[in-house]
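In UniProt numbering, the protein residues as written are 1 to 1201. Some notes on the structure that comes next.
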Amino acid sequence: MGVQGAYSRGQGKQPRGQQRLHNILPPPAPWRSWASVGIKLTGLPRQVTARTIWQTFKSEGTIFSIDIYEDHHGQLESRGKIRFKPPPRTDFWKSGSYSIKLPSGQEGRIFVTLEAPRPSELEIPSPVRPNVRYPAELTIPISSLDIGVMLNETTLLPMRTIEAGPLGKPFLLLNLKLRELHVFFQLQILSSGNKSTSTSAPDTWHNYRLRIPLRQLGKIFQSCNITTRVISHLTVLDSPPMYHRRISDINATFHEPGSWRDSDCWYRQTHIVHNPLSLSTLPVSLPRQKPLIDIGRWNAFRISYPSDCKKELFTQLCAIFRDYNIAIEDTDRFIQWDDRQERVPPVWKWIDLSDASNLSVSSLNDLIDSTYVPLPFPVRYQLEVCISNGYLSEFTMTHEFAVKLAELGEAKARKLLENVAGQKHQYYDPMKIFDLPFVRGIRATKAKIPPYCCHMRSATITPSTVYYNLPSVDISNRIIRRYMEHADRFLRVRFTDEKLYGRINARSDNSNDEIFTRIKRALANGIVIGDRRYEFLAFGNSQFREHGAYFFAPLPDLTAANIRAWMGHFSDIRNVAKYAARLGQCFSTTRAVAGCPVQIRNIPDVERNGYTFSDGVGKISRFLAQMAMTELKIKTPTGEPPSAFQFRLGGCKGMLAVSSDAQPQEIHIRESQNKFPTVHNGLEIIRWSQFSMATLNRQLILVMSTLGVPDEVFHAKLKSMLRALDEAMESDSRAIEVLKKYVDPNQTTLTVSQMVSDGFRRSKEPFLTSILALWRTWHIKYLKEKAKIVIDKGTNLLGVMDETGILKGYFYDKIPKKDASLEQKLAALPEIFLQIPRSEASEDGATYEVIEGLCILARNPSLHPGDIRVVRAVNVPELHSLRDVVVLPQTGDRDIASMCSGGDLDGDDYLIIWDQDLIHKDWFLDPMRYTSNKAQDLDHDVTVDEVTSFFVMYMKNDSLPTIAHAHVAWADQLEDGVNEEKCIRLAQLHSDAVDYNKTGRPAIMTRNLQPRRWPHFMEKPKPKDLIYHSEKILGQLYDAVERVDFVPSLEMPFDERILNCSIEVNEDLYTFAKNLKVEHDTAIRRIMAQHEIKTEFEIWSTFILNHSQMSKDYKFHEEIGAISAAHRETFRKQCYNKVEGRTFELLAPLAVAMYRVTHEEMTQALRKHREKSPQHGTPKINQLPLISFPWILPHILGRVA
């Protein structure tokens, strides 16, 4: 509802004379009772825009939305619509036409027609009682809104009470179409145009809106004041709600010629303070300075309704809450803090020195002696972890608490607070944490982590607050390794929306500008934790895409600027986007190969017709590949080194393919790989070539379907996959076969297949049985949500170039005519080479096979019809040394890589499918021209301020997910699928958005490209009338898959073969295993808490069902793979150290001890549960101990069994 319209309705009674007059007047027209009125506009002159329409009709009432329709080419038509909410004052449309003043100054007439409302605009059926209908919007006056914090389970401390303002009373609006609760109110703020802070400066009243989705409301506590008869609703939110302020200059909100919304006037708020200008120089920190409303920290809301509130309205409100699964509990146990008592100041008063900066030395000393409690930084950081996440409250901590914490000493205090954060339990009385038992592991110090890892502190900055996380084990990068002694001064930061919303999404208007202003402030002014101010350092390239950056707390002799200077020589780079990307290159997650110095030899790129066929790929000697394999402990099916590596070396990046051209210590670098000069020249590896399964996804299926692949082909592939998953649960041989085919990027399925070979599925071992169930659930989840169908005749591989020049490329003049013979068409196809592990053993014992024949080649995502290329796989003996890569030709008029969604060879994965059912008939479709906008150079050196502004502008315009979703929706809705003009425009926009970090040119997604309706399979949280049931292939596939819940097999008996084996285990090993399990389980729970993962099985296997959504699923699969591998290596190393070796004879007794300790813990927990609740069958997973501990040594357990 337009707030002006809402306030103008008023709540007062009419004079008696007017009431009598109504009795003799005709009944009001029906449109007056509608929630809103839509007017169709026709005959609009070409120069008319949304602004023109608003200026023409604003005198008629409160305008809610304006649309001018577009044709297929995106041109404005002569038709449109305007909506008033509430209804306009008069029925101006009765005459059928209306005078409009054109931008040129001339006047014209347009045709206006009343639009009949759809039933869904007036009423919404109850979700649980379809025969009951509620108004789409329910407005109720409120007498006051209290915003504050809970001091304990029953005491509210109001920090701000809001009542009537000069523009009207506050009111509540329940919008059932949006499923949101809105509270409108007013506050007095210093005028932005007036920088004076004197008492005589005029303040301005602003309209604000508090917006709470119904899904965020867990429970409402209802109480009634017996004296005043005022009823109140109290609720406590676990994540900050959204606040918006309505801007008064409507003219500033027109961003698109063809559309406007009332919502464009509501600007998201990050701070509500009396003087907004005072924020400009402040750093980000958890404590706020004198807020009017602390949006991020005040999470308790009490709404009081006036005693004269209409009973039927209030009854209806409560009925709606209950129908939408929001429990209302009548209670009188809630009390308000008695203002006659002295309030406990927030804990910052005791642990910060900032308030004391203006005192004299003597009074400062007195203050320090009497109140200041210094906390070592690790303790202060950990305390802020607990406060920011709501486990402890700054409003309940006394001076006594701060003193007692400090007296524990640094190590104990830090460990205690880590324990509090790990439990994720809220303590209203902070003194109770001192009663917690300390977690005793093998020793008080942290386990020694692998040398390629580091402990990293991290923060998540949202629009309203900041969350600090427990330090986690991260794979390090070049910068952290160089400054390892200062690793604790780095802070990994991510900028997101509030917890409920996840990623910050781009908008076509400026209503989120204050969010981006806050982000810019953080980057410019830093982040303060205790006595440290972290300053912006740089961002890695994948970090950049995920809206993250590194910060560094400077020392007198080491600053962020010093670190950037060490990274390389960037002064020649005058383009901000390129400069930022080069800085980011140093932050790639890598593992250093330190065993051998390398010699660099520069070789030329292969270029033709403006295309670089060798873009991003060089060569590495077999000797250096062997060194990397040994140092990184890489395992391959043949024992030979991987054929290619994605790498960093000083300022060089991309791929290195193993080649006999390179001398033993040589690496051959091409110009396309050399990005900047630097003193650092150590070889660093990101990943290496390995076989991975091929999967379709929604975008690929949409393109294939448009190109003529029949629906029944996809159904057949889906049924085949579901059947294979079911059979793998029932048979060892089938499980091994499918696990070896469906190889995930982390290669977990190969480990699991070995565990099945070792008989753990047959013996129904609980851990392996749970992992298999999880693997099946994981696949079915992605089948349902992403249409990820595994294709047996396919693979996903890194791409490299054919250095021999034998493979035939793509030539324009060889493209055959439509009536050409099959032989002519085959002869014209470009060639590729690939050699992958055999799925079945061959007679000659060969472990690899060369694929030959017709294939499709693609990259993810593929949106354009020409992104999926038809190629021919051929057998070239000269390329047989290359395995688990796809080799692309260096001949031809255009490189094949760039035809596949604008790919290159610097580390891109390529999907290759040789299943003939999935190859479309039109082999020579025109590829999309992936031409990047040319980046502009500056006339001066790039500054840090320009880099941070570039980062903020990227976030503001990062519409990549929005574009991808819109493409799927339009391709499903429109008849010609991905061939439709809208989809082609979206494919180009997607390409521009991907290239933003190279060009600095944003891809602007206009409102007309945003779908109005969404297919059901996309599971959009939209009103029902905006969702349609898709009948096309993606809708069919979605409907064909039934979700499966993951239920671990925790009550199954452990494997008797290990429990009763003859291997002797002494008491020392048993005690060691017991202590190590405590440490291991604590580390696992910490990873689970940090990434919001529910089970240990997901971390061990990397088959993650749900996570915090801070990274995209495919990226997170890679991240969690590295985290899981580092975790296992950390604890394996402790096992090796304990038994002083790695042989089976030494490790077997310890592995048995670990398995028996785990069995003992589980047996005791199950027995306790059955004694305590015999009627409740299966205990919940969080009530039972973890069982993954012994499976850090699966190969040893396999041999024991």
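Positions of the beta carbon are idealized from the N, C-alpha and C atoms, including for glycine.
* Between the C-alpha atoms of R380 and T398, what's the straight-line distance to the nearest angstrom? -> If you number the sequence shown from 1, residue 380 lands on position 380. If you number the sequence shown from 1, residue 398 lands on position 398. Looking at the two C-alpha atoms, the distance is approximately 15 Å.
* Asked: From which residue to which residue does the beta strand (DSSP E) around V1157 run?
  -> Residue 1157 sits at position 1157 when you count from the first residue of the sequence shown. Not the beta strand (DSSP E): V1157 falls in the alpha helix (DSSP H), residues F1144 to K1172.
* Between the CA atoms of R1012 and P816 - distance to the nearest angstrom -> In the sequence shown, the residue the question calls residue 816 occupies position 816. In the sequence shown, the residue the question calls residue 1012 occupies position 1012. About 42 Å.
* Asked: For D1081, which residues from the same chain have a beta carbon less than 6 Å from its beta carbon, with the 5 sequence-adjacent residues on both sides left out?
  -> Taking the first residue of the sequence shown as 1, we reach residue 1081 at position 1081. The residues are L1186.
* To do: Enumerate in chain order the residues of its own chain whose CB-to-CB distance from I442 is below 6 Å, with the five nearest sequence positions on each side excluded.
  => Here residue 442 refers to the residue found at position 442 of the sequence shown. Reliability fails at I442, whose pLDDT of 37 lies under 50, so the model's placement of it is uncertain and no value is given.
* **beta strand (DSSP E) segment containing E535, residue limits** => The sequence position of residue 535 within the sequence shown is 535, counting from 1. E535 -> beta strand (DSSP E) spans R532 to A538.
* Do I295 and P213 come within 7 Å of each other at the CB atom, strictly closer than that value? -> Here the question's residue 213 lines up with position 213 in the sequence shown. Here the question's residue 295 lines up with position 295 in the sequence shown. In this structure, P213 keeps its C-beta atom at 7 Å or more from the C-beta atom of I295.
* Are the stretch 964-978 and the stretch 538-550 touching by the rule of at least three beta carbon pairs closer than 8 Å? -> no
* Between T1158 and the rest of its own chain, which residues show a CB-CB distance below 6 Å, the 5 nearest in sequence each way excluded? -> For the purposes of this step, residue 1158 is taken as the residue at position 1158 of the sequence shown. Closer than 6 Å at Cβ, skipping near neighbours: I1187, F1189 and P1190.
* Start-to-end residues for the beta strand (DSSP E) that takes in H206 -> For the purposes of this step, residue 206 is identified with residue 206 of the sequence shown, where counting begins at 1. Run containing H206: D203 to P213, per the beta strand (DSSP E) assignment.
* L1050 to G1035, Cα distance in whole Å? -> Sequence index remark: in the sequence shown, residue 1050 carries index 1050 (1-based). Sequence index remark: in the sequence shown, residue 1035 carries index 1035 (1-based). If you take the alpha carbons of L1050 and G1035, they lie about 36 Å apart.
* **6 Å CB neighbourhood of W778 in its chain, flanking five on each side removed** => The residue given as residue 778 occupies position 778 in the sequence shown. In its chain, beyond the 5 residues on either side, F1103 have a beta carbon closer than 6 Å to the beta carbon of W778.
* Alpha carbon of C318 to alpha carbon of D513, nearest angstrom -> Counting from 1 along the sequence shown, the entry for residue 318 is found at position 318. Counting from 1 along the sequence shown, the entry for residue 513 is found at position 513. Roughly 36 Å between the two C-alpha positions.
* Which residue spans inside the stretch 57-140 form an unbroken alpha helix (DSSP H) run of at least 4? -> 119-122
* By DSSP, does L408 sit in helix, in strand, or in coil? -> On the sequence shown, position 408 is the one that residue 408 refers to. The three-state secondary structure of L408, taken from DSSP, is coil.
* With a cut-off of 8 Å on the beta carbons, I'd call A421 and C454 a contact; round off their distance for me. => Working through the sequence shown from its first residue, we reach residue 421 at position 421. Working through the sequence shown from its first residue, we reach residue 454 at position 454. Between C454 and A421 the Cβ distance is about 20 Å, and since that is not below 8 Å, they are no contact.
* Hey, could you find the ends of the beta strand (DSSP E) P837 is sitting in? => On the sequence shown, position 837 is the one that residue 837 refers to. Note, P837: beta strand (DSSP E), E831 to P837.
* To do: Alpha carbon to alpha carbon, how far is S393 from A406? Give it in angstroms, no decimals.
  => Within the sequence shown, numbered from 1, the residue matching residue 406 stands at position 406. Within the sequence shown, numbered from 1, the residue matching residue 393 stands at position 393. Cα to Cα, A406 sits roughly 17 Å from S393.
* Asked: Can you name the start and end residues of the alpha helix (DSSP H) that T999 belongs to?
  -> By one-based count along the sequence shown, residue 999 stands at place 999. From DSSP, the alpha helix (DSSP H) with T999 extends over Y996 to T999.
* CA-to-CA distance, K1032 to P1015, given in whole angstroms -> On the sequence shown, position 1015 is the one that residue 1015 refers to. On the sequence shown, position 1032 is the one that residue 1032 refers to. P1015 and K1032: Cα-Cα distance of roughly 10 Å.
* **Runs of alpha helix (DSSP H) lying entirely within the stretch 986-1038, each at least 4 residues, in chain order** => 996-999
* Relative to the alpha-carbon of I53, which residue among A728, Q186, S1173 and K101 has its alpha-carbon at the smallest distance? -> By 1-based counting over the sequence shown, the position of residue 53 is 53. That would be K101, whose Cα lies nearest to the Cα of I53.
* **Close Cβ partners of F64 (< 7 Å) along its chain, the five nearest in sequence each way excluded** => Start at 1 with the first residue of the sequence shown, and residue 64 comes out as number 64. Correct list, in chain order: G2, S36, R83, F84, K85 and D262.
* Would you mind reading off the limits of the beta strand (DSSP E) that contains W266? => Taking the first residue of the sequence shown as 1, we reach residue 266 at position 266. Per DSSP, W266 belongs to the beta strand (DSSP E) from W266 to R268.
* Residue burial classification, H569 (beta-carbon count within 10 angstroms, cutoff 16) -> By 1-based counting over the sequence shown, the position of residue 569 is 569. Exposed, since its Cβ has fewer than 16 Cβ neighbours within 10 Å.
* Would H425 be called buried (16 or more neighbouring beta carbons within 10 Å of its own) or exposed? -> One-based indexing of the sequence shown puts residue 425 at position 425. Of the other Cβ atoms in all chains shown, fewer than 16 fall within 10 Å of the Cβ of H425; this residue is therefore exposed.
* Sorted by chain position, which residues of the same chain lie with C-beta nearer than 7 Å to F811's C-beta, five sequence neighbours on each side aside? -> As a working note, residue 811 is residue 811 in the sequence shown. Contacts found: G892 and D893.
* Compute the distance between the beta-carbons of Q222 and H233, then report whether it is under 7 Å. => In the sequence shown, the residue the question calls residue 222 occupies position 222. In the sequence shown, the residue the question calls residue 233 occupies position 233. Cβ atoms of Q222 and H233: closer than 7 Å.
* To do: Identify whether K695 lies in helix, strand or coil by the three-state DSSP scheme.
  => Taking the sequence shown and counting its residues from 1, one reaches residue 695 at position 695. Looking at the sequence provided, one finds Thr at residue 695 rather than Lys. In this structure, T695 counts as strand in the three-state DSSP scheme.
* Quick one: what does DSSP say W31 is sitting in, helix, strand or coil? -> Taking the first residue of the sequence shown as position 1, residue 31 is located at position 31. In the structure shown, W31 sits in a helix (DSSP, three-state: H, G or I).
* Mind the definition here: the stretch 253-260 touches the stretch 496-512 only if three or more C-beta pairs lie below 8 Å; say whether that holds. => yes
* To do: Count the other C-beta atoms from every protein chain shown that fall within 10 angstroms of the C-beta of F1017, then say buried if there are 16 or more, exposed otherwise.
  => Position 1017 of the sequence shown, counting from 1, holds the residue named residue 1017. Buried.
* Give the DSSP-derived three-state secondary structure of C1135 in the structure shown. => Your numbering for residue 1135 matches position 1135 in the sequence shown. Assigned with DSSP and collapsed to three states, C1135 falls in helix.
* To do: Give every residue of the same chain whose Cβ lies closer than 7 Å to the Cβ of N525, excluding the five residues on either side of it in the sequence, and list them in chain order.
  => By one-based count along the sequence shown, residue 525 stands at place 525. Answer for N525: T281, L282 and P283, listed in chain order.
* **Whole-number beta carbon distance between L772 and R762, since they are thought to touch under 8 Å** => Start at 1 with the first residue of the sequence shown, and residue 762 comes out as number 762. Start at 1 with the first residue of the sequence shown, and residue 772 comes out as number 772. R762 to L772, Cβ: 12 Å. No contact.
* Asked: From I1181 to I1087, what does the alpha carbon distance come to, in whole angstroms?
  -> On the sequence shown, position 1181 is the one that residue 1181 refers to. On the sequence shown, position 1087 is the one that residue 1087 refers to. Cα to Cα, the separation comes out at about 17 Å.
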